[in-house]
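These notes concern the structure reproduced below.
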Amino acid sequence: MASNNKVYVKGNLGRDPETAQSQSGTTICRFSVATNEKWNYRNTGQQQVHTEWHIIKAFGRQGEVLAQHLKAGDPIIIWGKLRTNKFQDRHGNDRQVTEIHVDEFDFVGGRQGGGQNPQPQQPPQQPPQQAPQQPPQQARPQQQVPQQPAPAGDGDDFFDDEIPF
């Protein structure tokens, strides 16, 4: 039987993405996504909610795009692979963390609470003598940037003591 390591997560960012560069210069974007599971107890009818936090990493161009467009609270869909990393923290304790490495992603809807997402505000970065810029977009574009495999060891140095964040 063939095996498959594919994960689908639809949730909201817990905080703004963090970026770093690997030793080889690859951009690494790291953020957490919260997913909620709701149910009612049969006997009491009391609603329960369980929030699960997922650590997400995107590499290269995907990481750059996600870091540029995402903010805390934004909804997103991620398709990726599970990766478990083992390491020693600052105190010499063995630690293990399971992450989702992004294969594809999709921006979805506006922020909870109504209203539209504001467009990212960036200062002009091109001098006026260069080619004219494209007109601003009305909505956030859907992005599905193919993932380039991360070279072995990329991101292993991007841990802190506070897992998941």
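Residue numbers (the numbering used here): 172 to 336. Ideal Cβ positions, reconstructed from N, Cα and C, are used throughout, including at glycine.
- In the assembly as shown, Ala229 is a buried residue. Its beta-carbon has 16 or more other beta-carbons within 10 Å.
- Per the coordinates, the alpha-carbon of Val180 lies some 20 Å from the alpha-carbon of Gln239.
- Annotation: Arg232 to Phe276 spans about 12 Å, alpha carbon to alpha carbon.
- For Gln259, there is no enclosing alpha helix (DSSP H); the enclosing beta strand (DSSP E) has its first and last residue at Pro246 to Gln259.
- For Ala229, the uninterrupted beta strand (DSSP E) segment begins and ends at Gln218 to Phe230.
- Per the DSSP secondary-structure output, Tyr179 pairs in a beta bridge with Trp250.
- Going by DSSP, Thr190 is part of the beta strand (DSSP E) stretching over Glu189 to Gln192.
- Restricting attention to Thr269, Lys177 and Gln218, the CA atom closest to the CA of Glu208 is found in Gln218.
- A distance below 6 Å between beta-carbons, with the five flanking residues on each side excluded, links Arg266 to the following residues of its chain, in chain order: Phe258 and Asp260.
- When DSSP states are grouped into helix, strand and coil, Val268 belongs to the strand group.
- Taking the Cα of Pro246 as reference, the smallest distance to any Cα among Ser203, Val220 and Arg254 is reached at Ser203.
- The three-state secondary structure of Val279, taken from DSSP, is coil.
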